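Enquirer: First the structure, then my questions, so here it is.
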Amino acid sequence: MALVHIGDSRVHLLRGGELFQITHDHTMVQSMVDEGRLSPEEAASHPQRSLLVRALGPGAATTPDVRLHDTEPGDRYLLCSDGLSAVVPAEDIRRVLAEIGEPEQAVRELVALANASGGPDNVSCVVADVLERRQ
Numbered sequence: 001m002a003l004v005h006i007g008d009s010r011v012h013l014l015r016g017g018e019l020f021q022i023t024h025d026h027t028m029v030q031s032m033v034d035e036g037r038l039s040p041e042e043a044a045s046h047p048q049r050s051l052l053v054r055a056l057g058p059g060a061a062t063t064p065d066v067r068l069h070d071t072e073p074g075d076r077y078l079l080c081s082d083g084l085s086a087v088v089p090a091e092d093i094r095r096v097l098a099e100i101g102e103p104e105q106a107v108r109e110l111v112a113l114a115n116a117s118g119g120p121d122n123v124s125c126v127v128a129d130v131l132e133r134r135q
């Protein structure tokens, strides 16, 4: 699978019951974490945690991250805006993706969790499953 990413929307992979964030946020605060100037815990409440350093938009001359990922039958992918990832803990995201079989129902539950958390931002997400190849 080819993945093209820019900004702070995230892609997560659920494989074998484990959740992996497979994109890297393009924010000022993430850059500070990468440089060792902030801890992940400090970053979570930093006032500039949403300040983007790379994004799509008018006049933006920036290059997205482009990566290829191997997929396996049973993999489940979540593409989500920061309106979800900023307010719903990773363990809750993992639980929903692992326990709710239908992608549409998983999306509804994730959006409900974000709304129940009082998320101040809009929430967008897509859940996609990798199926067996048909011969």
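If you're matching positions, the sequence shown starts at 1 in full-length UniProt numbering and goes up one per residue. Where a beta carbon is used, it is the ideal one built from N, C-alpha and C, also for glycine. Predicted model, so just to flag it, every value in this text is computed and none were measured.
Are the region 22-31 and the region 112-129 touching, with three or more C-beta to C-beta distances below 8 Å?
Expert: Not touching, per the Cβ criterion.
Enquirer: Quick one: what does DSSP say VAL18 is sitting in, helix, strand or coil?
Expert: Rather than Val, the amino acid found at residue 18 in this sequence is Glu. GLU18: strand per DSSP, three-state reduction.
Enquirer: Tell me the DSSP secondary structure of LEU87 in three-state form.
Expert: Checking the sequence, you will find Val at residue 87 rather than Leu. It is coil, neither helix nor strand.
Enquirer: What separation, rounded to the nearest whole angstrom, lies between the Cα atoms of HIS26 and GLU132?
Expert: Roughly 33 Å separates the two Cα atoms.
Enquirer: According to DSSP, is ALA55 helix, strand or coil?
Expert: Three-state result, ALA55: coil.
Enquirer: Compute the distance between the beta-carbons of ILE100 and GLU91, then report whether it is under 7 Å.
Expert: In this structure, GLU91 does not lie closer than 7 Å to ILE100 by Cβ.
Enquirer: Taking C-alpha atoms, which residue in THR62, HIS46, SER45 lies nearest to VAL53?
Expert: When only C-alpha atoms are compared, the closest one is THR62.
Enquirer: Looking at C-alpha atoms only, which residue of LEU38, SER85, PRO58 is the closest neighbour of PHE20?
Expert: Selected option, being the one with the closest Cα: SER85.
Enquirer: Report the rounded CA-to-CA distance for ASP8 versus ARG49, giving the unit in angstroms.
Expert: Taking the straight line from one Cα to the other gives about 10 Å.
Enquirer: Check this for me: beta carbons of ARG15 and THR23, under 7 Å apart or not?
Expert: Taking 7 Å as the Cβ cut-off, ARG15 and THR23 do not qualify as a contacting pair.
Enquirer: Could you say if the region 76-84 and the region 119-130 meet the contact criterion of at least three C-beta pairs nearer than 8 Å?
Expert: The region 76-84 is in contact with the region 119-130.
Enquirer: Would you call the CB atoms of PRO73 and VAL130 closer than 7 Å?
Expert: Result yes, Cβ atoms of PRO73 and VAL130 sit closer than 7 Å.
Enquirer: Between GLN105, HIS46, LEU97, HIS69, which lies nearest to HIS5 when the distance is taken from Cα to Cα?
Expert: Comparing Cα-Cα distances from HIS5 to each of GLN105, HIS46, LEU97, HIS69, the minimum goes to HIS69.
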